[in-house]
Amino acid sequence: MEFADVVKARHSYRGFLPKAVDEKTLKEIFELANWAPSNCNVQPWHVHVLSGDACNNMREKMKAAAVKEPSGNPDFPWQGKFSGDYRERQICSALGLWEHQGVTREDREKRAWSWMRNFEFFDAPHIAFIFVTDEFPELVRLAGDTGMYAQTLMLAMENAGLGSCPQTSVSCYPDLVREELGIESRFKLMMGLSFGYVDHSDSANNLRTDRATLEQSTTFHS
Ligand SMILES: Cc1cc2nc3c(=O)[nH]c(=O)nc-3n(C[C@H](O)[C@H](O)[C@H](O)COP(=O)(O)O)c2cc1C
Numbered sequence: 001m002e003f004a005d006v007v008k009a010r011h012s013y014r015g016f017l018p019k020a021v022d023e024k025t026l027k028e029i030f031e032l033a034n035w036a037p038s039n040c041n042v043q044p045w046h047v048h049v050l051s052g053d054a055c056n057n058m059r060e061k062m063k064a065a066a067v068k069e070p071s072g073n074p075d076f077p078w079q080g081k082f083s084g085d086y087r088e089r090q091i092c093s094a095l096g097l098w099e100h101q102g103v104t105r106e107d108r109e110k111r112a113w114s115w116m117r118n119f120e121f122f123d124a125p126h127i128a129f130i131f132v133t134d135e136f137p138e139l140v141r142l143a144g145d146t147g148m149y150a151q152t153l154m155l156a157m158e159n160a161g162l163g164s165c166p167q168t169s170v171s172c173y174p175d176l177v178r179e180e181l182g183i184e185s186r187f188k189l190m191m192g193l194s195f196g197y198v199d200h201s202d203s204a205n206n207l208r209t210d211r212a213t214l215e216q217s218t219t220f221h222s
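The following block contains the structure:
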C-alpha cells in the first residue's frame, strides 16, 4: 500500500477473528515498530505481547477484575473532564461506537456491555501491553514517545493486513498485568493494544471517525 493509504486505512477495530498471527509476522511487525523516534533515542517503551493461553488467561482475569472493580487502579489516573470541542468529539466518538454496536444512550446494560468489550480484548487472539519506566523525571515526554511507538506499530499492523485497537481502558488494571507477567513495579502501564485479523462481520468495525479540518488543527506561518 502507498503510505497515505496505510495511514487512512488504519482504524480502531473492535472485533477480531480467532485466527492467530504467525510468529514470523509478529516479529517483523514489532521489529518495525522499534524504528519509532523518541526523545534522545531513549526508546522508553517496554512491550509485552500475549498470544494463545497467555492472552486468553489475561482476558479472563481482566474481565473478572473489571466486574469486581470497575474503575480499577491505573498507574496514570484519569484527571478531570474534557470540555468544549474536545468534549464534543469525545461524545461523538462514544455515540458513533454505540450506534455501530447497536447500543442506545439510555440502555445502561448495553453500554456496560460495550465497555466490557474492552476487557474481552474485542475477541482478539493477541494483546500488546506498552509500559514505560518511571525512573526518570521526563515521564511526560517518555509517555509521548510511547505514542510514537504505538502509532508506528499500528501502521505496521495495517500494512501487514491486520487490525488493532489502542486501549487506555485495559491500563486500569496494571497490578494484574504486572503480577501475571512478572513485571517490576517501576514499569508503568501506558496502554494496551488488541490486534489480529479483523472480523468484518462485526458491525462495530464499520465505524469511521472524522477529523478536524487542516485549518482547525494547524496554523502555517511564513
Ligand atoms: C491512546 C489511545 C487510547 C485509546 N483507548 C481506547 C479504549 O480504551 N477503548 C476503545 O474502544 N478505543 C480506544 N481508543 C480508540 C479511539 O477511540 C480512536 O482512536 C478514536 O476514536 C479515533 O478513531 P480511529 O482510531 O478509528 O481513527 C484509544 C485511542 C488511543 C490513541
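Heads up: the sequence shown begins at 1 in UniProt numbering, then just goes up one per residue.
Even for Gly, the Cβ is constructed at its ideal location relative to N, Cα and C.
Put residue 167 into one of helix, strand or coil per three-state DSSP. strand
Taking just the CA atoms, how far does residue 133 sit from residue 186? 6 Å
Identify which residue in 97, 144, 113 and 167 has its Cα closest to the Cα of residue 37. It is 144.
Residues around ligand 1, please: the ones whose beta-carbon is closer than 6 Å to some heavy atom of it, in chain order. That gives 11, 12, 14, 93, 118, 165, 166, 167, 168, 169, 191 and 209.
Contiguous alpha helix (DSSP H) assignments of at least 4 residues, all confined to the stretch 105 to 166: 108 to 116 and 139 to 159
Assigned secondary structure, residue 83 (DSSP; H/G/I helix, E/B strand, else coil): coil
Buried or exposed: residue 216, going by 16 or more other Cβ atoms within 10 Å of its Cβ? exposed
With distances taken from CA atoms, which of 62, 40 and 97 is nearest residue 203? Residue 97 is the option with its Cα nearest to residue 203.
So for residue 176, helix, strand or coil by DSSP? helix
Buried or exposed for residue 40, going by 16 or more other Cβ atoms inside 10 Å? exposed
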